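Per our numbering, residue 2 is the first one in the sequence shown, and the count goes up by one each step.
Backbone N, C-alpha and C fix where the C-beta goes; we use that ideal spot for every residue, glycine too.
Only a predicted model underlies this, so the values are computations on that prediction, with no experimental measurement involved.
Read through the structure below, which is laid out as structure tokens, and then see the notes.
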Amino acid sequence: MAKRTRRIRPDMTPLIDCVFLLLVFFLVTSVFKQDESVLKLILPETQTETKRDTPEGLYIELSETELAFNGQRGTPDELREKAATVQNKKSPVAIKIDKGTTYERIAVILDILQVQKLYNIQLINEMESAE
């Protein structure tokens with residue numbers, strides 16, 4: 002009698018289980034990208050108007066065309082000289098920025114203050130008038 006040869010077929014069930022577990026693992030641990038236009042950011046608006054007096058520090062008013070510090074018009078170079086004369090480097094520096102001012106103009110002022118090691122900076126926004 003001839004001996005019958007049986008084909009050995011590996012059981013595929015454990016392999017399918019492993020693949021399924023890996024698939025579930027990667028789905029659970031992956032970070033889904035959220036559509037950026039869906040995220041809506043609502044910024045708070047100023048409720049009360051406050052006036053800040055900074056007698057020992059600097060009070061800078063910045064618009065797209067003008068720069069004034071401590072009530073006097075000037076240039077960024079004059080501001081650099083004025084910032085160098087501030088004795089107390091921890092004294093506050095209040096910067097009032099107009100709505101239409103570009104960030105490049107603000108960055109120039111912030112760079113001047115950083116070089117002079119004036120880090121106590123307060124940014125002030127204008128209240129919208131109720132009409």
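Bounding residues of the beta strand (DSSP E) (the contiguous stretch that carries residue i)
| i | result |
| --- | --- |
| Glu62 | Leu59 to Leu63 |
| Lys97 | Val94 to Ile98 |
Residue of the options minimising C-alpha distance to residue i
| i | options | result |
| --- | --- | --- |
| Tyr60 | Lys4, Cys19, Thr86 and Gln73 | Gln73 |
| Thr14 | Arg7, Leu22 and Arg8 | Leu22 |
| Ile107 | Pro77, Thr86, Lys91 and Gln88 | Pro77 |
| Gln115 | Thr66, Lys97, Lys90 and Asn126 | Lys90 |
Limits of the unbroken alpha helix (DSSP H) element including residue i
| i | result |
| --- | --- |
| Leu119 | It is not in any alpha helix (DSSP H) - Leu119 carries neither H nor E in the DSSP assignment. |
| Glu79 | Pro77 to Ala85 |
| Val29 | Thr14 to Thr30 |
Assumed close pair residue i, residue j - CB separation to whole angstroms, cut-off 8 Å
| i | j | result |
| --- | --- | --- |
| Pro93 | Gln48 | Not a contact, Cβ separation roughly 22 Å. |
| Leu63 | Asp112 | About 13 Å; that fails the 8 Å criterion. |
| Ala84 | Gly75 | In fact, because the Cβ distance is near 11 Å, the residues do not count as touching under 8 Å. |
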